[in-house]
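Quick note on UniProt numbering: the sequence shown kicks off at 1 and runs consecutively.
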Amino acid sequence: MNLSLKKIISTLDAKTIDIQDTLEIDTISIDSRSLQNNEKTLFFALVGTNHDAHIYIKDLIAKGVRNFVVTHIPEGLEGKANFLVVKNTLEALQQTASYYRSLFSFPIIGVTGSNGKTIVKEWLNFLLSPDYNIIRSPKSYNSQVGVPLSVLAINEQHNLGIFEAGISTVSEMDKLEKIIQPTIGILTNIGSAHDQGFENLEEKIKEKMLLFQNSEALIYQKNSNVEQHILPKMKAVSWSFMDTTATVFVSKKEHTHDHTLIEYTYKANVSTLQIPFVDDASVENVISCLLVLLHLDYDAKTIQNRIELLFPMEMRLKVKKGINNCSLIDDSYSSDFQSLKIALDFLESQKQHQKKTVILSDIFQSGLSNEELYSKVAELIVSNNINRFIGIGETVSTLKTKLDNALFFKDTDEFLLQLENLNFENETILIKGARSFQFEEIVSALAEKTHETVLEINLNAISHNFNFFKSKLKTGTKMMAMVKAFGYGSGGFEIAKLLEHHKVDYLGVAFADEGISLKTMGIKLPIMVLNPENTSFPAIIQHQLEPEIYSLKGLNAFLKIAEQKKLKDFPIHIKMDTGMHRLGFELNTIDDLISTLKGNRTVKVKSILSHLATSDDLQHKDFVEYQINLFEKLSSKLMNGLGITPIRHILNTSGISNFPEAQYDMVRLGIGLYGVSNDSEEQKYLENVGTLKSIISQIRTIQSGESVGYGRRFMANGESKIATIPIGYADGIARSWGNGIGFITIKNKKAPILGSVCMDMLMVDVTEIDCKEGDSVVIFGESPTVTYMAEQLKTIPYEILTSISQRVKRVFYRE
1 MNLSLKKIIS TLDAKTIDIQ DTLEIDTISI DSRSLQNNEK TLFFALVGTN
51 HDAHIYIKDL IAKGVRNFVV THIPEGLEGK ANFLVVKNTL EALQQTASYY
101 RSLFSFPIIG VTGSNGKTIV KEWLNFLLSP DYNIIRSPKS YNSQVGVPLS
151 VLAINEQHNL GIFEAGISTV SEMDKLEKII QPTIGILTNI GSAHDQGFEN
201 LEEKIKEKML LFQNSEALIY QKNSNVEQHI LPKMKAVSWS FMDTTATVFV
251 SKKEHTHDHT LIEYTYKANV STLQIPFVDD ASVENVISCL LVLLHLDYDA
301 KTIQNRIELL FPMEMRLKVK KGINNCSLID DSYSSDFQSL KIALDFLESQ
351 KQHQKKTVIL SDIFQSGLSN EELYSKVAEL IVSNNINRFI GIGETVSTLK
401 TKLDNALFFK DTDEFLLQLE NLNFENETIL IKGARSFQFE EIVSALAEKT
451 HETVLEINLN AISHNFNFFK SKLKTGTKMM AMVKAFGYGS GGFEIAKLLE
501 HHKVDYLGVA FADEGISLKT MGIKLPIMVL NPENTSFPAI IQHQLEPEIY
551 SLKGLNAFLK IAEQKKLKDF PIHIKMDTGM HRLGFELNTI DDLISTLKGN
601 RTVKVKSILS HLATSDDLQH KDFVEYQINL FEKLSSKLMN GLGITPIRHI
651 LNTSGISNFP EAQYDMVRLG IGLYGVSNDS EEQKYLENVG TLKSIISQIR
701 TIQSGESVGY GRRFMANGES KIATIPIGYA DGIARSWGNG IGFITIKNKK
751 APILGSVCMD MLMVDVTEID CKEGDSVVIF GESPTVTYMA EQLKTIPYEI
801 LTSISQRVKR VFYRE
C-alpha cells in the first residue's frame with residue numbers, strides 16, 4: 001500500500017503537532033514484534049480491555065518507527081515522532097481501511113456465516129485463481145482488527161478480493177461492511193456459534209445481513225428468515241435440497257466412501273458434480289462455491305475440473321516436535337505474502353531455540369513483480385533475524401542475491417534427496433509452502449516419529465481464557481499463571497511463551513526442574529517454585545528462580561547457601577498455612593520467622609501467599625473467609641515485623657470468581673487458563689484448550705457371544721462392529737473409563753468403550769457409525785469434556801489433564 005501521511009491525517013481528522021506530513025506510508029502495523037521498513041510504518045496503538053499498545057511506543061521509537069496513531073502522546077515522547085492523536089485507535093484503523101478500500105473498484109466477495117467462512121474463502125481462492133489476481137483475508141482474519149488489516153493489503157495488481165467477516169454480537173457488522181464493501185455476498189449458514197451475543201436467531205440473521213446491504217448479489221441456502229432481509233436491488237442466488245424454486249436446486253446427493261455426487265438444476269439445465277468430500281459441512285461449502293462460479297458464468301465442465309481438485313484445508317499453524325531436538329511450525333498448505341508475515345510472527349512468539357530456519361516455496365498471485373515481491377520477502381527474513389533460509393521452486397530463487405546463508409532447490413523432491421546433508425538440529429523450523437509443492441512430505445520427513453495419538457493445544461483458547469480472568473481483576477492487580485505439571489499436561493514452554501507475550505506478571509511451577517527448563521529455553525518472566533527441595537536451592541539460585549519458603553528449616557538452608565554465594569536481596573516467597581495444613585508457616589512460628597529474616601540482606605521477601613482449600617465450593621464459604629482473615633492477620637504481622645510491603649496473594653482460579661474482594665496484589669490463575677471452571681455459568685465463557693485425538697487402527701465385526709478385551713468383560717449380544725484405538729492407560733486414560741462407562745467421539749457420534757482399557761489400546765462400539773480405518777477420533781475435548789470425564793470417574797479435571805503421558809505428542813496451533 002501507499003498512502004500519504006497527510007491524507008491519513010485528513011481521513012481521521014487527527015490532531016497533530018509539528019508533524020512531517022509529506023511522508024508516504026507503505027506499512028500499517030498493530031504488532032510491536034513484527035515491523036520492517038520502520039520509517040514508512042504507521043503504528044496504531046490499539047487499546048483493549050486487557051492491553052494498551054501505548055506502552056510499546058518508546059521501544060518502537062528506539063527501533064526507528066516514526067509514525068503513530070494514538071489516543072494520547074506518552075509522557076516524555078513529545079516531538080520524538082509523528083503522532084496522530086484520535087479518540088479511538090481501532091476506529092481510526094477501520095476508517096483508514098475504509099478509505100483505502102474506496103480507492104479500488106474491482107469486485108469484492110464478502111463471506112460471513114456461523115461456520116465455513118474460512119474454508120469457503122480458501123476454496124474460492126483456489127477455484128478462481130487461474131483467472132484472477134486475488135487478494136484475500138489471511139488465515140481467519142475476520143474480526144474488527146483482522147478485516148481492516150486484510151483490506152489494507154490490497155494493491156494495484158489485484159482484480160478480485162475475497163474477505164471474510166466474523167461477528168459475535170450486534171453493532172459489529174456495519175463497521176465491517178464499510179471496510180469490505182462487498183459486491184458479491186456469501187452467507188455460508190446460520191448455526192449456534194456466538195449465540196450468546198444475540199437476543200435471538202432473528203437478531204443474529206439481521207446483523208449478519210448488514211454485510212450485504214450494498215451488495216449486488218447474495219449467495220445463500222434458501223431460507224425464509226434470510227430472504228426477508230434481502231433488499232429489492234440485490235440479486236438473490238439461492239440453493240436448496242428441498243425447494244425447487246431455488247436458483248440452484250440440488251435434487252440428488254449420493255455418498256461413496258471418498259466422494260459425493262450431486263445432481264443440480266440451474267437455469268433449467270440439469271448437471272452433475274462430483275465433490276471430493278463426504279461430510280455434509282464440506283458438501284454444503286462446496287455448493288456455496290459452485291454458486292459463485294455459476295454466478296460468474298463458468299461452464300459446467302470447468303466447474304467439475306476445478307472442484308474435483310479441491311482438498312481439505314488446514315487453517316491452523318501447528319507446532320510439532322521434530323527430529324534432532326528441532327521444533328516444526330507446520331504451515332505447509334499456503335503461501336502468500338500476508339500469511340508469511342503472520343507465520344513469521346508466530347515463529348518469533350513460539351521459538352524454542354536460538355536458531356531459526358525458514359523453508360519457503362514460490363509465492364503465487366501476489367500481484368507484484370518477482371523483484372518487488374521477493375525484495376519484500378527478503379526484508380521480512382532479515383528483520384526477523386532468520387538464521388537459515390531454504391527456498392524451493394523457481395521464482396523464490398530471486399532471493400539468491402538478497403539473502404546470506406540461503407539454499408535453493410528446484411522442487412520438493414530435490415530438497416528431500418539432500419535432506420540428510422542439511423543437518424537440522426536444535427532449531428525452530430517454519431515450513432511454509434503452496435499446496436502444489438506438497439510440503440507435507442517435508443513435515444513428515446522432519447517430524448519426530450511417534451504414534452498417531454496427539455494432544456492438540458489451542459493457543460487462541462488460552463489467550464481467550466487468560467483475558468477472561470484478567471477482565472475480572474481490579475486495576476493494578478497482578479496475575480501469576482501456573483504452568484506446573486508440564487502446563488497441566490498441555491506443554492510448559494509453549495504456554496509460558498504465549499503468556500510472556502500477554503505480559504503476565506509471574507509464572508508458577510511446582511519443582512525447580514520445571515522452572516530451569518523454562519529459563520534454559522529463554523523464558524524471561526520471573527518464576528516462583530512452589531515446592532522446592534533443599535537440594536535444589538543451588539540450581540534455583542543459578543537459574544534465577546524464586547523459591548517458595550514454607551518452613552524455618554527450609555529458610556535456614558536457603559540462607560546458608562545465599563550467604564555462601566554472597567547474594568543480596570535474592571527474591572523469596574513466604575507461604576502461610578491458613579487451614580490447608582499442607583505447607584506453610586503457622587501463627588506460632590511467625591515470631592521466629594521475623595527474627596530470622598530481620599536484618600538479613602541476602603534475601604528479600606517478594607511476596608506472601610497462602611492457598612484456599614475450598615474456594616470452589618460455596619458450601620464452605622465460611623471456611624474460606626476464615627482463611628482470608630487468618631491470612632490478613634499472618635501477613636500483616638510479618639509485614640509489620642519486618643517493615644516491608646511485599647506482594648500478597650491467596651486466590652486461585654475459583655477464588656478469582658467467587659471471592660473478588662480478596663484479590664490483594666496478585667492472583668494465581670491455574671486450571672481456568674486451560675478452560676475448566678467448577679461454575680457451570682462461568683464455563684460457558686471459557687474455551688476448550690486441549691483436544692486429545694487418535695485414529696482407528698482396525699475395525700472388525702464380531703458375532704453374538706464373542707468377547708472383547710482382557711477378562712472377557714464385554715460380551716456381544718448381537719453382531720457388532722468394533723474399532724481399536726491406539727491409546728491406553730500408559731497414555732493416561734484411566735482403566736476405569738472402560739466397560740461402558742466412558743466413550744469417545746467419532747464423526748460427532750458417541751462410541752462407547754467396550755471392555756477394559758488396555759495399556760496401549762482401547763476398543764469401542766462403532767456398529768451405528770459410518771467410519772473406516774484411519775479416521776480421526778476424539779478422546780476428550782468438546783465431547784466428552786475433561787469435566788464430564790472427571791465427574792464420571794469421581795476425580796477432578798486436574799487429574800485427567802496431568803495424567804496424559806509425555807509419549808503423547810503435543811501439537812500447538814493458532815487459528
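Using N, Cα and C, we set each Cβ at its ideal position, and we do this for glycine too.
Under the 10 Å beta carbon count, residue 430 is surrounded by 16 or more other beta carbons and is classified as buried. Residue 113 has its alpha-carbon roughly 26 Å from the corresponding atom of residue 776. Distances from the alpha-carbon of residue 204 to those of 393, 259, 166 put 166 closest. By the Cβ-count criterion, residue 626 is exposed, with fewer than 16 other Cβ atoms from all chains shown falling within 10 Å of its own Cβ. In the DSSP assignment, residue 447 forms a beta bridge with 322. In the three-state reduction of the DSSP assignment, residue 673 falls in the helix class. Collapsing the DSSP output to three states places residue 110 in a strand.
By the beta-carbon neighbour count (other beta carbons within 10 angstroms, threshold 16), residue 573 is buried. The stretch 353-406 contains, as complete alpha helix (DSSP H) runs of 4+ residues, the segments 370-383 (chain order). It is roughly 51 Å from the alpha-carbon of residue 649 to the alpha-carbon of residue 4. In the three-state reduction of the DSSP assignment, residue 209 falls in the helix class, which pools H, G and I.
The DSSP-derived three-state label of residue 306 is helix.
Note that the C-beta distance between residue 223 and residue 115 is not below 7 Å. Short of 7 Å from the beta carbon of residue 658, and not among the five residues preceding or following it, lie these beta carbons of its own chain, in chain order: 615, 618.
Between the stretch 355-371 and the stretch 136-153 there are fewer than three inter-stretch CB-CB distances shorter than 8 Å, so the stretches are not counted as touching. The continuous beta strand (DSSP E) containing residue 217 extends over residues 217-221. Annotation note: the UniProt domain "Alanine racemase C-terminal" (689-813) contains the following uninterrupted beta strand (DSSP E) runs of length 3 or greater, listed N- to C-terminal: 690-695, 698-702, 720-725, 743-746, 749-754, 762-765, 776-780. A Cβ-Cβ distance of about 6 Å is found for the pair residue 446 and residue 424, placing them in contact under the 8 Å criterion.
DSSP, reduced to helix, strand and coil, places residue 20 outside both helices and strands of the structure shown, so it counts as coil.
Residue pairing by DSSP places residue 480 opposite 506, 668 in a beta bridge. About 5 Å separates the beta carbon of residue 811 from that of residue 454, a gap short enough to meet the 8 Å contact definition. Taking C-beta separations shorter than 8 Å and ignoring five residues to either side along the sequence, the partners of residue 357 in its chain run 386, 387, 388, 389, 390, 424, 427, 428, 429, 430, following chain order.
Contact between the stretch 666-678 and the stretch 623-638 is absent: fewer than three C-beta pairs spanning the two stretches fall below 8 Å. Residue 248 sits in a strand when the DSSP states are folded into three classes. 7 Å or more divides the Cβ of residue 47 from the Cβ of residue 101. Bridge pairing for residue 236: 218 [DSSP]. Look at the stretch 72-129 and you find these whole runs of alpha helix (DSSP H), each 4 residues long or longer: 89-101, 117-128. For residue 458, the uninterrupted beta strand (DSSP E) run begins and ends at 454-458, by DSSP.
With a minimum length of 3 residues, the unbroken runs of beta strand (DSSP E) contained wholly in the stretch 561-625 fall at 570-575, 603-609. For residue 547, the three-state secondary structure derived from DSSP is strand. Residues of the same chain with a CB within less than 6 Å of the CB of residue 6, apart from the 5 flanking positions on each side, are 21 in chain order. Judged by DSSP secondary structure, residue 162 falls within the beta strand (DSSP E) whose first and last residues are 160-164.
When the five nearest sequence neighbours on each side are left out, the beta carbons in the same chain lying within less than 6 Å of the beta carbon of residue 332 are those of 431, 433, 439, 440, 443, in order along the chain. If you look at residue 135, you'll find it isn't in any alpha helix (DSSP H); it sits in the beta strand (DSSP E) that goes 134-136. Between the stretch 722-729 and the stretch 742-761 there are three or more inter-stretch CB-CB distances shorter than 8 Å, so the stretches are counted as touching. Annotation: the continuous beta strand (DSSP E) that includes residue 649 extends over 647-649.
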